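In the numbering used here, the protein residues as written are -2 to 570.
Just so it is clear, CB atoms sit at the ideal spot from N, CA and C, and this is done for glycine as well.
Just so we're clear, the structure is a prediction, and the values are computed from it rather than from any experiment.
Below is one structure, written out as structure tokens; the observations come after it.
Below, the structure written as structure tokens:
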């Protein structure tokens, strides 16, 4: 017979064991419940995380695309229950290509102005990664606009419009005739003055390709051999002889025509949409869109979802929803109202602004040019350099006392960037000024020795003294007038951070500059002055007046932007 105490102890031990087991089961169940809840919370949070679609787009469509993307974001579109948010950053197409290939930008979508840039993007991607897949696959146009030559209506009529179909042949004819517009019964218009943007830009690149196609008498299959053919080079060179300046964009050239009229330019290359918007503003004289009879390109504004490893499947799905939205009828009607031609063929041009009443032709272009392969696209600029109008450029740099420190160091960087961007065939010299004005590097062809002379003088620039601003500007312009080179672009690129402090007379300077401009319009040497107002103390008003007097350009700058501004101004040559 067992002892009662022993029995009670055993019963107590059994009860403790059972209680412990119950507690273990409860803890296990609680752990399972908590773990499940945590997973559910994580899943819920993941399902609510916003899918970000980043877009890099070319700047000429900024107003339109920003509006359309804002409209899309308001729809609260989703992928698998996750909301989509789209952001757009705008940059030039060439800059966009470089930023993506270098890894500085990792967007989900790219939308340059032309598919030519995607051809190069894919070639660069294959070369750098050995990937068999293109980075930008299956692009789709958002809207299109043909590249045209915008010409003042009275001038277009003098060349035979609308009875005669015009093109590059007529541009050459007007350029080469020594009588200028006098050959067409209008000597009062002076010489034929033509412009297109740099081939590093969207409209400039397409214009250059179109000119080479015309010289090769082709509409497809342009080759590097064509671009090296002496007869083709001569053809393009004859077009370029009429150029009075290049520039950073077709829009910038159109602004010049808007501000200064026929005295500035007879014609310039631009997108049809920009010309149409100009005419809708009811100018005193409208522009006519010339669709070169030899052929032209669409600026097709492609939308390309990237296949980079930084782009998730969900982001690609979200980007395709964005594309579908942008191509829907409602958005494409907005596109048409803005002067672009819709990519959605359900939307007709009937009743739209795209009509002959507004200087454009909905039945044009009748001849479209094929995008050449990546090898040709990579050599466009080099081929153009062989044909471009040469330039004589004096850099004029303020080295007065207020330029001390970081200012002059950043200015050196900008000047060196400018020199590096200019073609070997151009001539460049350097003035610097403070209390006195010094021509430290005479004008000379930009061979290796001249580049080294300029680099040496730029690197040894030191700040000190007062500001002989007016005398520096006059001396540089006078030197180019004396050179009397009417077959080149003549320009002064002027940088200052201050105001005249040596008692010079502003009115005398402006009177002199306007006189040079008038002589240039009558067949003399035309000298353009481009100015950088460096910092908040710079005399922006005077610099604007100097630029306006010579049909140049004045830009505000800071130590952070001056290098970029010098790079931008290099596109004018």
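- Query: In chain order, what residues of the same chain lie with their CB nearer than 7 Å to the CB of residue 120, ignoring the 5 residues before and after it?
  - Reply: 371
- Task: Express the C-alpha separation of residue 394 and residue 495 in angstroms, rounding to a whole number.
- Result: 12 Å
- Of the residues 350, 217, 477, 539, the one placed nearest residue 502, counting alpha carbons only: 539
- Query: What first and last residue would you give for the alpha helix (DSSP H) that runs through residue 387?
  - Reply: That residue, residue 387, is in no alpha helix (DSSP H); it is neither H nor E in DSSP.
- Task: Have a look at residue 183 and residue 365 and give me their C-alpha separation to the nearest angstrom.
- Result: 33 Å
- CA-CA distance, residue 82 and residue 340? 24 Å
- Task: Identify, in the order they occur along the chain, each residue of the same chain with its Cβ nearer than 7 Å to the Cβ of residue 305, setting aside the five sequence neighbours on each side.
- Result: 103, 132
- Message: So, with DSSP's three-state summary, where would you put residue 164?
- Response: coil
- Evaluate the contact criterion for the region 282 to 302 versus the region 312 to 331: three or more CB pairs, one atom per stretch, below 8 Å. yes
- Nearest-angstrom Cα distance between residue 349 and residue 193? 28 Å
- Assuming residue 196 contacts residue 378 under a Cβ cut-off of 8 Å, what Cβ separation, rounded to an integer in Å, is found between them? 5 Å
- Query: What residue range is occupied by the uninterrupted alpha helix (DSSP H) comprising residue 456?
  - Reply: 445 to 456
- Cα-Cα, which of 138, 561, 374, 492 is closest to residue 391? 492
- Do residue 266 and residue 247 have their CB atoms nearer than 8 Å? yes
- Task: Classify residue 368 as helix, strand or coil using the three-state DSSP reduction.
- Result: coil
- Express the C-alpha separation of residue 401 and residue 332 in angstroms, rounding to a whole number. 50 Å
- Message: Does the contact criterion of 3 or more C-beta pairs under 8 Å hold for the region 228 to 246 versus the region 135 to 146?
- Response: no
- Message: How far does the alpha helix (DSSP H) with residue 113 in it extend, from its first residue to its last?
- Response: 112 to 126
- Query: For residue 79, which residues does DSSP report across the bridge?
  - Reply: 76
- Starting from residue 301, follow its DSSP beta bridges and name the residues at the other end. 107
- Task: Within 10 angstroms of the Cβ of residue 199, are there 16 or more other Cβ atoms? Answer buried if so, exposed if not.
- Result: buried
- Can you tell me whether residue 384 is buried or exposed, with buried defined as 16 or more other CB within 10 angstroms of its CB? buried
- Message: Since residue 260 and residue 518 should fall inside the 8 Å C-beta cutoff, what is the C-beta to C-beta distance between them, to a whole number of angstroms?
- Response: 6 Å
- Query: If you count every other CB in all the chains shown that lies within 10 Å of the CB of residue 433, and 16 or more means buried, which is it?
  - Reply: exposed
- Residue burial classification, residue 245 (beta-carbon count within 10 angstroms, cutoff 16): buried
- Could you round the C-beta distance between residue 360 and residue 150 to whole angstroms and report it? I think they count as a contact, below 8 Å. In fact, because the Cβ distance is near 19 Å, the residues do not count as touching under 8 Å.
- Query: Where in the region 150 to 229 do unbroken runs of the alpha helix (DSSP H), each at least 4 residues long, occur, reported from the N-terminal end onward?
  - Reply: 150 to 155, 165 to 173, 199 to 213, 221 to 225
- Query: Between 126, 152, 497, which lies nearest to residue 98 when the distance is taken from Cα to Cα?
  - Reply: 126
- Exposed or buried, residue 307, counting other C-beta atoms within 10 Å across all chains shown (16 or more means buried)? exposed
- Determine the DSSP secondary structure at residue 347, reduced to helix, strand or coil. coil
- residue 313 - containing beta strand (DSSP E), residue span: Run containing residue 313: none in the beta strand (DSSP E); it sits in the alpha helix (DSSP H), 310 to 324.
- Tell me whether the beta-carbon of residue 601 lies closer than 8 Å to the beta-carbon of residue 527. Here the chain comprises residues numbered -2 to 570, so residue 601 is not present and cannot be evaluated.
- Query: Across which residues does DSSP place residue 395 in a beta bridge pair?
  - Reply: 430
- May I have the straight-line CA-CA distance separating residue 33 from residue 75, to the nearest angstrom? Unreliable positioning characterises residue 33 in this predicted model, as indicated by a pLDDT of 49, which lies under 50. The coordinate reading is nonetheless provided below. If you take the alpha carbons of residue 33 and residue 75, they lie about 26 Å apart.
- Straight-line Cα distance separating residue 107 from residue 558: 25 Å
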